[in-house]
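This report concerns only the one structure given below.
Residue numbers (full-length UniProt numbering), protein chains in the order written: chain A, 1 to 432; chain B, 1 to 296; chain C, 1 to 274.
Here it is in structure tokens:
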């Protein structure tokens with residue numbers, strides 16, 4: 001065989017080559033430095049209407065620069081859409097990395113796994129304001145018992161409904177999930193051009209309250225070792241309750257199976273739906289639509305009449321990067337940005353809900369619109385598993401696929417939930 | 001070897017040098033890294049130096065080939081890309097011929113419209129098409145009287161909608177290139193054919209097509225390469241792969257499986273597989289051409 | 001051609017033009033619609049209350065003018081550099097016979113087949129090691145590399161179309177190789193260069209991927225597509241803003257197109273002249 005020796009030489013060459021230029025990595029360790037002067041770089045998310053946020057933040061920065069002589073803050077607003085690349089890139093190139101960042105709270109575990117965020121447990125525990133942080137918000141900065149940032153604001157969803165239609169048809173606001181489904185069907189029957197309750201097959205955070213309200217869980221276990229629980233009997237009941245809302249008697253499958261959260265809110269804002277599950281952050285979009293002045297918001301009801309379904313607590317956190325050379329200053333800036341005062345001002349500027357229970361209660365008094373959202377938060381919220389695997393589960397659309405398989409009739413609840421559980425366990429297993 | 005002869009063999013390499021330097025540095029080397037990453041365990045933790053890389057052999061490929069979804073997506077990608085290529089070429093060539101038959105004003109109108117479609121960023125094009133075909137808010141269903149028919153629900157109708165958008169934004173390249181090619185054919189040749197009483201179709205088949213051959217080859221290969229790698233249109237229009245992933249194509253699959261969650265080795269393995277398939281298709285096509293006496 | 005036939009052909013050309021232009025019209029229209037009207041259950045192909053709000057949001061962004069300028073610099077540099085380099089390379093592979101010629105040609109093809117998303121990781125580290133991160137160079141260099149293979153393939157035909165006799169005549173007149181290359185061959189393939197430039201211009205102008213991967217900490221080096229992405233907020237996308245930003249992005253390309261339209265056609269036509 002002539003080929004064999006040649007092949008051997010080739011393989012040897014390749015192996016040598018591989019050893020010589022292995023793919024690059026970056027030593028991302030803490031810099032060990034803690035300079036007390038200089039420039040701090042901060043990245044916050046750029047909102048569509050960013051000016052009020054800039055004003056609120058500028059006030060904080062001015063105070064910070066006054067308190068620490070010889071420091072300057074260089075702030076940059078980055079588009080949310082590009083955050084994944086930008087923040088990963090910052091972990092890989094410490095020289096372009098900022099000192100303090102705002103990040104989505106579902107990304108916490110992933111960023112910690114990537115080795116990007118600094119552990120600020122000691123400082124957070126010593127911070128006197130932190131005791132008023134609501135427990136779910138605290139959980140959203142916690143991985144493996146350690147704290148990796150300060151909660152900045154929370155976002156939560158509740159039930160938007162059309163007051164004019166409810167009056168016209170003499171309907172009461174639903175007090176349980178069963179009543180919600182019945183009311184939705186009545187509305188659809190009375191107004192055939194409208195969805196009763198707009199639901200979406202790709203609207204994970206609108207569907208999860210149903211699962212949690214029925215006693216289901218996404219996964220069980222603590223920090224690091226999770227096992228998927230979407231296949232359990234309770235979870236299946238919740239999945240069943242949500243998917244039963246798809247169909248010609250409420251939200252036609254052909255249109256609703258592909259909808260995401262934004263689509264359902266858009267439908268509601270345009271007067272195409274009698275009810276929808278929307279966030280406090282959807283308020284502006286709905287106000288700009290046709291239903292302005294004709295709607296109200298209540299917490300999404302739970303299984304028991306009068307109860308509130310556990311909602312997903314979204315929102316953003318402020319964190320310090322491990323690679324910072326100004327650790328003490330960065331932590332101080334983080335605390336100032338996420339302080340009670342700053343969160344109160346951010347709420348006034350942007351309507352973002354504070355993460356401190358007392359600040360939030362005051363916000364609800366000053367702005368009645370946020371009351372149902374605050375009530376939802378007070379009733380207890382849930383969070384996604386604090387595992388780096390969540391990013392993988394989320395981006396490979398495990399849950400939307402499960403809901404869509406069921407509503408499109410490709411699989412029954414048990415089979416689809418079992419498949420989703422298997423995919424989640426794979427992810428938990430591989431991400432450790 | 002004489003001095004001049006040596007100069008002649010050396011010259012092409014001097015001309016090629018800038019291109020080769022750029023390509024070696026910015027394409028070949030990264031592609032080599034891609035191949036390397038595909039046989040390692042390489043996630044964000046390895047990238048940021050948190051954990052050492054470890055050699056996996058063909059493990060990533062085994063994982064990929066062992067997944068039934070991968071095969072389903074692969075088949076869908078090949079069929080969808082083929083449909084896109086054929087439709088784009090057909091529309092582009094037909095309109096190119098049409099352009100030669102009309103006077104300046106309609107020609108300019110069609111040309112400008114096509115160039116506009118070409119210039120639109122893919123993200124925007126996809127969003128606009130989605131708005132146009134939206135069951136609730138779009139004008140298309142109104143005009144066609146389809147009520148609130150949803151185009152993105154059925155697997156085939158969703159693929160068809162994406163295909164329309166892909167053809168819309170890629171036929172201009174074919175049309176303009178082929179039209180330019182036809183224009184460059186000497187008028188006498190066409191007149192001679194007309195005098196011989198050849199029909200339109202015959203003129204196309206036996207006079208134009210052979211002369212346009214080099215252009216058609218380039219256009220076909222480019223279309224195959226582009227359509228096989230379709231990403232934005234599927235990602236935006238079907239919401240990341242359609243109902244329960246029914247509209248996934250390889251590039252989107254790789255993105256979801258791998259890049260969005262930083263499993264770079266798996267994503268690289270899919271990239272390598274895509275590269276090999278495209279290579280096989282293109283080499284097969286070129287071989288076919290060569291057998292018919294065409295040269296590169 | 002007989003009259004009714006030509007009439008039919010012209011009518012269908014206009015019809016096709018209208019169909020093709022309709023999505024563009026819808027884009028511009030949506031940019032002018034006031035908030036809330038884009039998603040109305042009675043879609044109308046006009047708007048009674050045109051509003052500049054969306055455009056105001058686009059132009060009101062931090063350093064919008066800077067982004068525009070950066071985009072121009074990047075696209076301009078890529079177009080010129082890749083045209084020159086591709087011209088030389090295309091000359092080499094068409095006017096000379098040498099070993100590995102076919103292999104090289106195939107390699108230029110293969111180079112286009114790699115999914116770009118997969119290459120951003122290796123390219124990121126390359127740019128970091130070259131110290132190019134956060135500079136316009138990190139956008140220019142990869143874009144030159146990605147435009148080159150296609151440009152070389154397209155230019156081959158144009159270079160081939162210049163008769164060999166011309167080259168021999170030039171040498172007989174005592175012209176040097178360089179003189180022939182730049183003063184005789186280059187002007188002759190210029191229309192072809194314009195045609196291929198259109199491709200590199202569009203792909204560079206519309207690129208999101210490199211811009212969001214390599215410009216990390218210096219927004220003053222960002223390009224136009226970044227100004228568009230701001231409006232794609234996951235929970236609350238601003239379609240009016242997206243459409244207005246896209247309109248602003250598309251117009252310069254259209255202007256460029258209209259300017260080179262004639263050259264584009266005569267240029268691309270050169271590829272078949274043998």
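Note that CB positions come from ideal geometry on N, CA and C, so glycine has one too.
Apply the 10 Å Cβ neighbour rule to residue i and answer buried if 16 or more other Cβ atoms are within range, or exposed otherwise.
i: residue 261 of chain A; result: buried
i: residue 8 of chain A; result: With a pLDDT of only 42 at residue 8 of chain A, under 50, the local geometry of the prediction cannot be trusted, and the value read off the model is given with reservation. When all chains shown are included, residue 8 of chain A counts as exposed.
i: residue 261 of chain B; result: buried
i: residue 33 of chain A; result: exposed
i: residue 318 of chain C; result: The structure shown does not extend to residue 318 of chain C, since chain C is modelled only from 1 through 274, so no value can be given for it.
i: residue 167 of chain A; result: exposed
i: residue 162 of chain C; result: buried
i: residue 264 of chain C; result: buried
i: residue 317 of chain A; result: buried
i: residue 162 of chain B; result: buried
i: residue 225 of chain A; result: exposed
i: residue 259 of chain C; result: exposed
i: residue 144 of chain B; result: exposed
Can you list, in chain order, the residues of its chain with a C-beta nearer than 6 Å to that of residue i? Leave out the 5 residues immediately preceding and following it.
i: residue 267 of chain B; result: 254, 258, 259
i: residue 130 of chain A; result: 124
i: residue 139 of chain A; result: 383
Could you check whether residue j and residue i sit closer than 7 Å to each other, using their CB atoms as the reference points?
i: residue 37 of chain C; j: residue 137 of chain B; result: no
i: residue 291 of chain A; j: residue 271 of chain A; result: yes
i: residue 384 of chain A; j: residue 420 of chain A; result: no
i: residue 119 of chain B; j: residue 17 of chain C; result: no
i: residue 175 of chain B; j: residue 96 of chain B; result: yes
i: residue 334 of chain A; j: residue 53 of chain A; result: no
i: residue 214 of chain A; j: residue 233 of chain A; result: no
i: residue 199 of chain A; j: residue 251 of chain A; result: yes
i: residue 439 of chain A; j: residue 239 of chain B; result: Any property of residue 439 of chain A remains undetermined from this structure, which presents chain A solely from 1 to 432.
i: residue 263 of chain B; j: residue 43 of chain B; result: yes
i: residue 106 of chain A; j: residue 212 of chain C; result: no
i: residue 274 of chain A; j: residue 175 of chain A; result: no
i: residue 289 of chain A; j: residue 157 of chain A; result: no
i: residue 143 of chain A; j: residue 386 of chain A; result: yes
i: residue 389 of chain A; j: residue 427 of chain A; result: yes
i: residue 225 of chain B; j: residue 181 of chain B; result: no
i: residue 356 of chain A; j: residue 340 of chain A; result: yes
In the DSSP assignment, what residue or residues form a beta bridge with residue i?
i: residue 214 of chain B; result: In DSSP, residue 214 of chain B forms no bridge with anything.
i: residue 275 of chain A; result: A:161, A:197
i: residue 320 of chain A; result: A:100
i: residue 40 of chain B; result: B:55
i: residue 43 of chain A; result: A:76, A:101
i: residue 55 of chain C; result: Partner(s): none; residue 55 of chain C has no beta bridge.
Going by beta carbon distance, what residues of the same chain come within less than 7 Å of residue i, once the five residues before and after it are set aside?
i: residue 249 of chain B; result: 73, 76, 77, 80, 230, 234
i: residue 27 of chain C; result: 243, 246, 247
i: residue 32 of chain C; result: 47, 50, 51
In chain order, what residues of the same chain lie with their CB nearer than 8 Å to the CB of residue i, ignoring the 5 residues before and after it?
i: residue 186 of chain A; result: 169, 171, 196
i: residue 362 of chain A; result: 344
i: residue 237 of chain C; result: 231
- the region 190 to 206 of chain C touching the region 115 to 122 of chain C, judged by at least three CB pairs closer than 8 Å: Proximity of the region 190 to 206 of chain C to the region 115 to 122 of chain C falls short of the contact definition, fewer than three beta-carbon pairs being nearer than 8 Å.
- Task: Could you tell me whether the region 121 to 131 of chain B touches the region 16 to 29 of chain C, where touching means 3 or more Cβ pairs closer than 8 Å?
- Result: Yes: the two stretches touch, three or more of their Cβ pairs being nearer than 8 Å.
- Item | Segment contact, 8 Å Cβ cut-off, at least three pairs: the region 197 to 210 of chain B with the region 39 to 59 of chain B | They do not touch, by the three-pair rule.
- On the three-pair Cβ rule with 8 Å, is the region 86 to 97 of chain A touching the region 56 to 70 of chain A? No: the two stretches stay apart, fewer than three of their Cβ pairs being nearer than 8 Å.
- Contact between the region 176 to 192 of chain C and the region 138 to 152 of chain C (3+ Cβ pairs under 8 Å): The region 176 to 192 of chain C vs the region 138 to 152 of chain C: no contact.
- Query: For the 8 Å Cβ check, are there 3 or more pairs between the region 192 to 212 of chain A and the region 328 to 343 of chain A?
  - Reply: Too few Cβ pairs lie closer than 8 Å, so no.
- Would you be able to state if there are at least three C-beta pairs under 8 Å between the region 145 to 162 of chain B and the region 248 to 263 of chain A? A contact is defined here as three or more CB-CB pairs under 8 Å, and the region 248 to 263 of chain A meets this definition with respect to the region 145 to 162 of chain B.
- Query: Quick one: any contact between the region 67 to 74 of chain A and the region 101 to 113 of chain C, if contact means 3 or more CB pairs under 8 Å?
  - Reply: No, they do not touch.
- Item | the region 237 to 246 of chain A contacting the region 401 to 410 of chain A, beta-carbon criterion three pairs below 8 Å | Contact holds: three or more Cβ-Cβ distances are below 8 Å.
- Cβ pair count under 8 Å reaching 3, the region 130 to 145 of chain C against the region 269 to 281 of chain B: No, they do not touch.
- Message: Using 8 Å as the cut-off, can you tell me whether the region 215 to 224 of chain C makes contact with the region 57 to 68 of chain C, which would need three or more C-beta pairs spanning the two stretches below that distance?
- Response: Touching, yes, given that three or more Cβ pairs across the two stretches are closer than 8 Å.
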